[in-house]
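Protein chains in written order, with this note's numbering: chain D, 613 to 1039; chain S, 58 to 571.
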């Protein structure tokens, strides 16, 4: 901590510390690309549609040769892998743009190959992207909830429970009241309830935060499952038929090709998501609340000696996180489908946690990480419709494989807040 | 501002940490609190700073009674504190650290860091601190971090500044700079409470000295009082501050280090091309400010570091690349710098801790089973021999005082014939009485013909024990000098000057250095 005195690195030129991890991974993946995407490329053209025929602004479709793209991408990836090897051999740091460009090339090559190999080599790119955003909405809310908690020093494993309870409360409240907006409000309250238990046990009673979180997830799953079969299924007309949130189109802006539907054709939950990302980002780095939150999560004792009430700060943040995740949960029952189903969040809370780490505890990072996971999920949905040669089960594994690689730190080491998971006891 | 503590008592359960302490700090004064580790100095200051509620007693500011419910109240009353372990968020910038808890804000609670930067620059210029408000704290040297702490207090208009063991982490040069800053502050009418157990510094800076022992004020002293008088007041009995040791009679050189380089995981050379020898029957002290590669050097010898190049030989056998167990088997005894984490298993009993390095040898082990009676017999012997004050051999080691814990570690390491003995910070946080005892044991081991390496950041200890002194600075050897060298030379070397230059310069300037 503060007593680390050793001077900044003199020469990083060194004999023993040299990480070959990056170049090896890049080389293996590049060879894979060469074998599959280039040598195994289908002979036909691939069509990516950018707009629908009856859209106000119609963009032409992109038609490319699968073989051409496969070969170009594979060669470029091999070149990047060689570059990484050369840098490592010369004991220099591999520039950060190398893995980034590599990943984009891989994505393009993979997309071209997999669509090209499908029975109908024709995909609506705009739909693929818009669908990704939609699927990412609960993930983004979930990881923002994680950001709020972990930045203040509380590990939030209970995101899953917050989402699920939010979904349940939204469905029931909206069904009973007949208003989706009441459901939205109920979802926020439900998220706070889960948070309250987490906060009381982990902050007040200093119980291990991971254990409380896991227990909460099991509790919420059991409780909603029981109520679902005992009450909701009995009279689903009354209890479980919530109205859906309307999609609000912003005139003109919604007509912009590709990005229009993503940004300006959302339900209120979708717009709230964009607002939440921006507000939490600005507040975290530029407000008094944010400075104190980060201080409490990094070095609570320092904050305490400056008159900041550490545990109150944490308590408030955990409750706020409940609001965010609860609203995210309403997506499942008020936007995606109309009605609650047992364990319908299906582990998305854990993926949100992964997005949080992948996004390096930063709201914007978490947003993009969640988008990537949403894209992987949506891609597997779209591809199984197109009839790809890859078995459906493998495609559905895609988001989880991406998660494992992401969390394993392939994109540089992420550094957690210093005091995350460590309860603060005065004195 | 005049600050008074009247009859402050602080109890933790049955333990009385402070026993009705009276203290008056006058404006413009440096008031030193002198006491051993665990005497209750820090507890008293935490009471004063609002971190602890006093069990009894009263705090008065300018003759008016005040109560502090938290550090915020104490700061509002004009009290600032620089903690021994800095209270800085390492990933924050200087400005963010200074702003925290006292933020200048625009509308809507948005930070106005520009305002904070301006205030930092103003204070920095006034006192010549040379602190960049936008630097990230973890990248700054310790001396600068300390100035950031002082700025934090000054921004909050502190009139009384508490400095808790401020010189423990500084080089002699940085210490001089700090003393200069303290003089400037008192000239501005601010008062300083200076907490230390280093007699020399206390004598140099104080206007008034209050000595605390076992939670009680045992007297006040004049800064001109002789060192031995202060020491006996602090310890409660007369102590000999000088160790009677015979000159070393070095034998054969059995331990050799050649071109030793250790790299951290990020590739930084934390130990950089060290070569030195240690002969049988001599003590080589390794001096330097904390964090200049000492830890990594000792760990490299023990086989605890990755990325080690070069050669370490003991009696002709190479140690680099060997497992820790092999190094121990080769006859190396090691006292790590943090006994509570690395030296002992706190929840294990004293008896178990005493055999951690020999648990699988006879007579403690027979095949798969252990022999409790042998473990117990060994414990009784060692406890008697090293005068370990413990309730019983089965008490958890973590419950012992620092000095007694260290005796347990030392007893364990000395319990078998050694070919090399290494001790890191052998007396850190140990009471003066135990220091004498531990030092005698180390010298006895030397006289028995073992090569000894002592790593210490305390110059007193280095000069006390060493036959030769090696100084490390940023992982490099600044040179090896005889144990009789002056403090000035060591101070210069610890700040990065090679031995020959340091010797020449110290010869030219007969300075008023500490």
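Glycine is no exception: its CB is placed at the ideal position from the N, C-alpha and C atoms.
On a predicted model such as this, the values are computed, not experimentally measured, just so you know.
Contact between the stretch 537 to 550 of chain S and the stretch 517 to 528 of chain S is present: 3 or more CB-CB pairs across the two stretches fall below 8 Å. Residue environment for residue 187 of chain S: exposed (fewer than 16 other C-beta atoms within 10 angstroms of its C-beta).
Where residue 545 of chain S is concerned, the enclosing alpha helix (DSSP H) starts and stops at 544 to 551. Boundaries of the beta strand (DSSP E) harbouring residue 344 of chain S: 340 to 344, taken from the DSSP string. The beta carbon of residue 260 of chain S sits closer than 6 Å to the beta carbons of 280 from its chain, once the five residues preceding and following it are set aside; these are given in chain order.
By the criterion of a C-beta distance shorter than 8 Å, residue 295 of chain S is surrounded in its chain by 285, 289, once the five residues flanking it on both sides are discounted. A residue is called buried when at least 16 other Cβ atoms come within 10 angstroms of its Cβ; residue 655 of chain D does not meet this threshold and is exposed.
When the alpha-carbon of residue 684 of chain D is set against those of D/640, D/714, D/669, D/673, the nearest one is in D/714. For residue 140 of chain S, at least one C-beta of chain D is nearer than 8 Å to its own C-beta.
Take residue 328 of chain S, set aside five residues on each side of it, and the residues of its chain with a beta-carbon closer than 7 Å to its own are 317, 318, 319, 350, 353, 354, 357, 532, in chain order.
Annotation for residue 993 of chain D: no beta strand (DSSP E) segment contains it, though the alpha helix (DSSP H) segment containing it runs 975 to 998.
Note on residue 237 of chain S: under 16 other CB atoms within 10 angstroms of its CB, so exposed under the neighbour-count rule. In terms of beta-carbon proximity, residue 918 of chain D lines the interface with chain S, with at least one pair separated by less than 8 Å. For residue 910 of chain D, same chain residues with a beta-carbon under 7 Å away, outside a window of 5 residues either side, are 1029, 1030, 1031 in chain order. DSSP places residue 121 of chain S in the strand class (E or B) of the three-state scheme. For residue 387 of chain S, the closest of S/201, S/410, S/370 by C-alpha to C-alpha distance is S/370. Bounds of any alpha helix (DSSP H) do not take in residue 958 of chain D, whose DSSP letter is neither H nor E. Residue 250 of chain S is bridged by DSSP to S/88, S/219. Taking all protein chains shown into account, residue 383 of chain S has fewer than 16 neighbouring C-beta atoms within 10 Å of its C-beta and is therefore exposed. Residue 564 of chain S counts as exposed, since fewer than 16 other C-beta atoms from the protein chains shown sit within 10 angstroms of its C-beta. Along the stretch 164 to 177 of chain S, going in chain order, the ones with a CB nearer than 7 Å to a CB of chain D are 166, 167, 168. Remark: three or more beta-carbon pairs, one from each stretch, lie closer than 8 Å, so the stretch 428 to 443 of chain S and the stretch 407 to 420 of chain S are flagged as touching. In this structure the stretch 502 to 514 of chain S touches the stretch 465 to 485 of chain S; the number of beta carbon pairs closer than 8 Å is three or more. Within chain S, the residues whose beta carbon sits less than 8 Å from that of residue 910 of chain D are 146, 147, 148, 149, listed in sequence order.
In chain order, 900 make up the part of chain D whose C-beta sits under 7 Å from the C-beta of residue 162 of chain S. Closest in alpha carbon position to residue 341 of chain S, among S/323, S/312, S/424, S/366, is S/312.
Using a Cβ-Cβ cut-off of 8 Å, residue 551 of chain S does not count as an interface residue toward chain D, since no Cβ of chain D sits closer than that to its own. Around the CB of residue 975 of chain D, 16 or more other CB atoms lie within 10 Å, so the residue is classed as buried.
Residue contact with chain D for residue 159 of chain S: present (Cβ-Cβ distance below 8 Å to some residue of chain D). In the assembly as shown, residue 851 of chain D is a buried residue. Its beta-carbon has 16 or more other beta-carbons within 10 Å. The shortest CA-to-CA distance from residue 250 of chain S to any of S/215, S/234, S/363 is the one to S/215. Among the residues of chain D, none has a CB under 9 Å from the CB of residue 535 of chain S; the nearest is roughly 14 Å distant. By the criterion of at least three beta-carbon pairs nearer than 8 Å, the stretch 157 to 172 of chain S is not in contact with the stretch 227 to 247 of chain S. Any Cβ of chain D closer than 8 Å to the Cβ of residue 356 of chain S would place that residue at the interface, and such an atom is absent. Uninterrupted beta strand (DSSP E) stretches at least 3 residues long and entirely within the stretch 868 to 936 of chain D occur at 877 to 879, given in chain order.
Under DSSP, residue 320 of chain S takes part in a beta bridge, and its partners are S/326.
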